[in-house]
Amino acid sequence: MKHIDQIITLMDKAKKENPLVDFLINYVTANELTSITSYFGGTPVMTDDPIDAAEVVEFAKVDALVFNIGTVTNKQVNAMIEAGKKATELGVPIILDPVAAGATPFRSASIRRMLEELKISVIKGNLAEVKACLGVETTSKGVDSNEDESEAEKYVVALARKYNCVVAMTGIEDVISDGNRVARIRNGSENLPKVIGTGCTIGALVGTFSGVTEDYFYSAMTGVIIMGIAGEIADTMREKGDGYYTYKHHLLDTLSILTNEQVRERADIVDVAYEELAV
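Numbering that gives the first Met the number 0 puts the sequence shown at residues 0 to 278.
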């Protein structure tokens, strides 16, 4: 089955099965993440208390867990660990968005703790965040990456193999790998980085589709490509004089009504023949 067929299958399956997606995320983009989950068939639930977080996973029978450390606190990390332990025990996929990983010792230690104590299914981040998860020095500051992406595959594959997970790196071209399969997604728009939260929203999409499959290579691919295609369509809706706030509205509207046919027509996926490179 072709990549695009797998993607369309997951889009249909999520709308049919309505996966319950549990969010422990930052307050800046919480509304967008939960709203977009519902657009694609998911049902969101949110929590940030260590006791409640673990209980929600078990008693609500969640299908996927999304962690985003954009506005991380010690309480939130403890909640993530408790929820993550229960998810690991029950086989519930965990999607980790290590926002601004490496920016502070606390963030670095928190991410390292999650990666070492929990079974993470998908790590979603830009190249700077991927490198930080590997312990490789970066030159980026804040939530954006200014890293050279020409050899991105070697870092993505290395991280996927180190933690036996799928890594979805977002960038000028997105790179997805489970340590063996590697693909580049060439959909997207230069305007997407101007809208705060688009990267975080990809994490929500990945969580939604991870809730209906055990092949997280494809749930990651589906979440990433949907945002790229929506960004392209939103580009076509801009008129002269429109600013980025208007673009954001076009983007969110597009995501809310995006069709399978639009995704099939626009998908631009290239398999990468990866050669072993030392990091």
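Note that CB positions come from ideal geometry on N, CA and C, so glycine has one too. Quantities reported herein were computed from a predicted structural model and do not represent experimental measurements.
Problem set entry | Sequence-distant residues of the same chain with beta carbon closer than 6 Å to I6, five excluded per side | T221
Exercise. Enumerated in chain order, which unbroken segments of the beta strand (DSSP E) with a length of 3 residues or greater are wholly contained in the segment 181-262?
Worked result: Entirely contained in the segment 181-262, the beta strand (DSSP E) runs reaching 3 residues are, in chain order, 181-184.
For this session: Measure the alpha-carbon distance for G230 versus D214 and round it to whole angstroms.
Result: One C-alpha to the other measures close to 25 Å.
For this session: Determine the DSSP secondary structure at A53, reduced to helix, strand or coil.
Result: DSSP places A53 in helix when its eight states are reduced to three.
For this session: Decide yes or no for the touch test of the segment 242-256 against the segment 65-85: beta carbon pairs closer than 8 Å, at least 3 of them.
Result: no
Problem set entry | 6 Å Cβ shell around T33 - same chain, five flanking residues per side excluded | Here the set comprises P43.
Exercise. Taking just the CA atoms, how far does N190 sit from L37?
Worked result: Checking the displayed sequence, the identity of residue 37 turns out to be Ser instead of Leu. So the alpha carbons of these two residues sit roughly 24 Å apart.
Exercise. Under the DSSP definition of a beta bridge, which residues are partnered with S176?
Worked result: V166, V181
Problem set entry | Status (buried if at least 16 other CB within 10 Å, exposed otherwise) for G242 | exposed
For this session: Can you give me the start and stop residues for the beta strand (DSSP E) that G83 sits inside?
Result: No beta strand (DSSP E) holds G83; the alpha helix (DSSP H) holding it covers 73-89.
Exercise. Contact between the segment 42-62 and the segment 251-269: three or more CB pairs below 8 Å?
Worked result: no
Exercise. When DSSP builds the beta bridges, which residues end up paired with P97?
Worked result: Answer by DSSP bridge pairing: none, since P97 is not bridged.
Problem set entry | Assigned exposure category for T207 - 16 Cβ within 10 Å defines buried | buried
For this session: Could you say which of Q261, Y162, D62, V71 lies nearest to E233 if we only look at CA atoms?
Result: First, the amino acid is wrong: residue 233 is Ala here, not Glu. The residue with the shortest Cα to Cα distance from A233 is Q261.
Problem set entry | Enclosing beta strand (DSSP E) for I119 [first to last residue] | Premise fails: I119 is in no beta strand (DSSP E) and is neither H nor E.
Exercise. So, are the CB atoms of T200 and I35 less than 8 Å apart?
Worked result: Between T200 and I35, the C-beta gap is smaller than 8 Å, which places the two residues in contact.
Exercise. What number of angstroms, rounded off, separates the C-alpha of N163 from the C-alpha of G170?
Worked result: One C-alpha to the other measures close to 22 Å.
Exercise. With 16 as the cutoff for other CB atoms within 10 Å, does N186 come out buried or exposed?
Worked result: Classified as buried, N186 has 16 or more neighbouring CB atoms from the shown chains inside 10 Å of its CB.
Exercise. Candidates A203, I110, G210, N17: which alpha carbon is nearest I224's?
Worked result: Closest in alpha carbon position to I224, among A203, I110, G210, N17, is A203.
Problem set entry | 7 Å CB neighbourhood of D51 in its chain, flanking five on each side removed | none
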